[in-house]
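J.: I am attaching a structure below and will ask some questions about it afterwards.
Here it is, written out as structure tokens:
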């Protein structure tokens, strides 16, 4: 049985997101024979963490990418697509030290010197959501995996930004798909 390298999910500063994208496919597979596809759904109920609007945005973005490749959505497609998403709560930390914050120029007998100075450090924490989107593609007949792509990035908090970033992320994820877009 053919197996593909399983991607590490520890990669993201993305979107729904975007990103860092990694893909791999079975080099022995002739993708030109695939004309239809089916969605298997979300693995392990990973869609539970998303609202219905984002699920539909993702599905529509994948459908648009497949349509651009002249692939037809079918209940019994010759290619089966499974999606998986992981969301992690992350905290970024930044610090800045100002070494000139309190320095003053003082006069001293016999000359001058810098004195009385101190440094201040500003420390900031920023909480954000990091998402990992995995697309697995299988040959529907043999059930063997033929392609995988993983996109990682920071999830946009505002729904209107997610609406714009989701199609871009899916486009990046599908960029190296072995079936090119039709011209």
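Residue numbers (this note's numbering): 588 to 770. Heads up, the beta-carbon is just placed ideally off N, CA and C, and yes, glycines get one too.
Between the C-alpha atoms of residue 651 and residue 756, what's the straight-line distance to the nearest angstrom?
T.: Cα-Cα distance, rounded: 13 angstroms.
J.: Would you kindly report the start and end of the unbroken beta strand (DSSP E) that includes residue 643?
T.: Not the beta strand (DSSP E): residue 643 falls in the alpha helix (DSSP H), residues 639-655.
J.: May I have a chain-ordered list of the beta strand (DSSP E) segments no shorter than 3 residues that lie completely inside the stretch 703-745?
T.: Listed in chain order, the complete beta strand (DSSP E) runs (minimum 3 residues) inside the stretch 703-745 are 707-726, 732-741.
J.: Report the option in 683, 719, 735, 734 whose CA atom is closest to the CA atom of residue 710.
T.: Comparing Cα positions, the closest option is 683.
J.: Out of curiosity, what's the CA-to-CA distance linking residue 610 and residue 676?
T.: For residue 610 and residue 676, the distance between alpha carbons rounds to 24 angstroms.
J.: Could you tell me which residues DSSP pairs with residue 666 in its beta bridges?
T.: According to DSSP, residue 666 bridges with 624, 726.
J.: How far does the beta strand (DSSP E) with residue 610 in it reach, from first residue to last?
T.: Where residue 610 is concerned, the enclosing beta strand (DSSP E) stretches over 607-612.
J.: Give a yes or no on whether the minimum CB-CB distance between residue 715 and chain D is below 8 angstroms.
T.: Within the model displayed, chain D is absent; a lone protein chain is all it includes.
J.: State the beta-bridge partners of residue 672 as determined by DSSP.
T.: Its beta-bridge partners are 720.
J.: Quick one: grab the DSSP three-state call for residue 661.
T.: Residue 661 falls in the coil class under three-state DSSP.
J.: Using only alpha-carbon positions, find the residue among 680, 639, 638, 640 that is nearest to residue 708.
T.: Closest by alpha carbon: 680.
J.: Would you be able to state if there are at least three C-beta pairs under 8 angstroms between the stretch 614-624 and the stretch 656-669?
T.: Contact holds: three or more Cβ-Cβ distances are below 8 angstroms.
J.: Less than 8 angstroms separating the beta-carbons of residue 765 and residue 734?
T.: Yes, they are a contact pair.
J.: Going by C-alpha to C-alpha distance, which of 644, 628, 631 sits closest to residue 751?
T.: Nearest of 644, 628, 631 to residue 751, Cα basis: 644.
J.: If you reduce the DSSP assignment to three classes, tell me which class residue 757 lands in.
T.: If DSSP states are grouped into helix, strand and coil, residue 757 belongs with the helices.
J.: Got a sec? Which residues, its chain only, sit under 6 angstroms from residue 616 by beta carbon, not counting five neighbours each side?
T.: 733.
J.: Check this for me: beta carbons of residue 666 and residue 727, under 8 angstroms apart or not?
T.: Taking 8 angstroms as the Cβ cut-off, residue 666 and residue 727 qualify as a contacting pair.
J.: Given a cut-off of 8 angstroms on the beta-carbon distance, is the pair residue 713 and residue 678 in contact?
T.: Yes, these two residues count as a Cβ contact at 8 angstroms.
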